[in-house]
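Residue numbers (this note's numbering): 139 to 302. Built from N, CA and C at the ideal position, the CB exists for glycine as well. Remember, predicted model here, so these are calculated numbers, not experimental data. Just below is one structure, and these are the notes that go with it.
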Amino acid sequence: MKIRVGISACLLGMLVRYDGGHKRNDTLIEACADVVEWIPVCPESECGLPIPREKMRLQGDPGAPRLIVVDTQKDETDRLVGWASQKLLELAGQGICGFVFKTRSPSCGVGDTKIFDLEGNLIRDRGAGLFARAFFKHFPHLPCTDEGRLQDPDSRERFLRRIR
Ligand code: SF4
């Protein structure tokens with residue numbers, strides 16, 4: 139029986155990115171195909187934002203940044219965080235054993251998301267996206283990583299061992 143693991147949906151090739159595209163990661167998908175049943179999640183499109191949509195970034199206090207549309211400065215934090223609280227319960231019910239996040243995303247990034255101040259100046263480049271933050275809080279013991287780390291075969295094997 140395969141192990142259920144959540145994944146940022148754009149990594150599976152789903153057309154959910156802000157530009158209407160995807161970031162399919164063939165290496166990762168093929169390497170895990172015998173072991174993993176992927177459960178795709180796209181926080182930004184599933185919380186009701188359109189595809190395509192305006193580009194967003196994290197701004198403000200690095201400890202509690204807001205999800206802001208770059209061009210209009212519209213704050214989409216509450217929409218995404220509100221959706222996430224329900225989605226995390228759903229994922230728990232689906233019995234997921236880990237999650238693979240997309241790098242650098244203001245929603246999905248694990249530790250390489252940029253955070254800007256209110257004037258748009260970069261103040262941190264090692265932040266986590268809002269959905270990833272909520273995920274870590276809800277599932278503090280589940281193995282989580284990002285696609286970048288799993289490009290390395292040894293890291294991939296370690297992750298697969300942990301989810302088993
Ligand atoms: S990085 Fe996350 S929010 Fe962005 S398109 Fe991929 S799954 Fe959706």
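message: Taking the beta carbon of G186 as the centre, do at least 16 other beta carbons fall within 10 Å, making it buried, or is it exposed?
response: exposed
message: Please output, in chain order, the residues near the ligand SF4 using a CB cut-off of less than 5 Å to any non-hydrogen atom of the ligand.
response: S146, A147, C148, V154, R155, C180, P181, E182, K240, S243, S245 and C246
- prompt: Which residues in the same chain as R217 place their Cβ atom closer than 6 Å to its Cβ, once the five residues preceding and following it in sequence are excluded?
  reply: C185
message: For a quick check, are the C-beta atoms of D209 and E182 less than 7 Å apart?
response: no
message: For a quick check, are the C-beta atoms of K140 and V174 less than 7 Å apart?
response: yes
message: Using the Cβ count rule (16 or more neighbours within 10 Å means buried), how would you classify T283?
response: buried
message: Quick check on DSSP: helix, strand or coil for L298?
response: helix
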